[in-house]
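Q: Residue numbers for the sequence shown, in my numbering: -14 to 145. Here a beta-carbon is modelled for each residue, glycine too, at the ideal position from N, C-alpha and C. These numbers were taken from a predicted model, which means no experiment stands behind them.
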Amino acid sequence: MINEKVQQALNDQILAEMWSANLYLSMSFYMAVEGYDGLSHWLKKQSQEEMEHAYDMADYVLKRGGVPKVEKIDVVPQGWGSPEEVFKHVYEHECHVSKLINNIMDLAVEQRDNATQDFMWKYVREQVEEEATALNIYEKAKKASEAGLLFLDSKLGQRK
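(1) How would you label W106, buried or exposed, when you count the other beta carbons within 10 angstroms and need 16 or more for buried?
(2) Which first and last residues belong to the alpha helix (DSSP H) in which K73 is found?
(3) Touch check for the region 12 to 25 and the region 79 to 87: three-plus C-beta pairs under 8 angstroms?
(4) Residues in the same chain with beta-carbon distance under 8 angstroms from N88, minus the five sequence neighbours each way, listed in chain order, please.
(5) Report back the beta-carbon spacing between S13 and K(-10) to the nearest angstrom; my notes put them in contact at under 8 angstroms.
(6) DSSP three-state call for D44: helix, strand or coil?
(7) Spell out whether any CB of chain B is found under 8 angstroms from the CB atom of L141.
(8) Thinking C-beta only, is I(-13) closer than 8 angstroms to G50?
(9) On the criterion of 16 or more Cβ atoms from any shown chain inside 10 Å, does V60 qualify as buried, or is it exposed?
(10) Can you say whether A117 is buried or exposed, counting buried as having 16 or more other CB atoms within 10 angstroms of its CB?
(11) Whose C-beta lies closer than 6 angstroms to the C-beta of H38 among residues of the same chain, with five residues either side of it excluded?
(12) What is the DSSP secondary structure of N(-4), counted as helix, strand or coil?
(13) Please tell me whether A126 and P68 are closer than 8 angstroms, where the distance is taken between their beta carbons.
(14) For Q31, which residues in the same chain have their Cβ closer than 7 angstroms to its Cβ, ignoring the five residues on either side in sequence?
(15) Helix or strand or just coil, what does DSSP make of E56?
(16) Applying the 10 Å Cβ sphere with the 16-neighbour rule, what's the burial state of G23?
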């Protein structure tokens, strides 16, 4: 049976993942309106990935005999500025998510919940990749001219 504190932390993270999915979807729509179809595509894929995380965490809570919950999801911003600004926000958001994941891991250690520690390690490792990818795109967008942004747009549009 899952510990009540751990269950609550995971439910909070499920909500955070769903909010993140909406955040990236908002960014995706904005980039599409701005004419960056590749950036839009990449962000939409990111949105889908965040929902998969929410589903995975809910499944884990269920397997441990807990009750996953979907609470009210706050609205997300709608206006973003330049592609550089968008990916600065993406990077900052991924750093924030890393802190949330680390807090759950710390709680699992404190509660001596080895199963949750094991489950969360994949998210700890994934956040290293997420931060690095977002920072890389942000750095490229900062250096890019309009032609460079169009090239970056084309490359990111190839994400599977």
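A: To lay it out plainly:
(1) exposed
(2) 68 to 95
(3) no
(4) A(-6).
(5) At roughly 35 angstroms, the Cβ-Cβ gap does not stay under 8 angstroms, so S13 and K(-10) are not in contact.
(6) D44 falls in the helix class under three-state DSSP.
(7) Of the protein chains in the structure, only one exists, and it is not chain B.
(8) yes
(9) By the neighbour-count rule (16 or more Cβ atoms within 10 Å), V60 is not buried but exposed.
(10) If you draw a 10 Å sphere on the C-beta of A117, you find fewer than 16 other C-beta atoms in it, and that means exposed.
(11) E2
(12) helix
(13) Result yes, Cβ atoms of A126 and P68 sit closer than 8 angstroms.
(14) Y9
(15) E56: coil per DSSP, three-state reduction.
(16) So G23 counts as buried.
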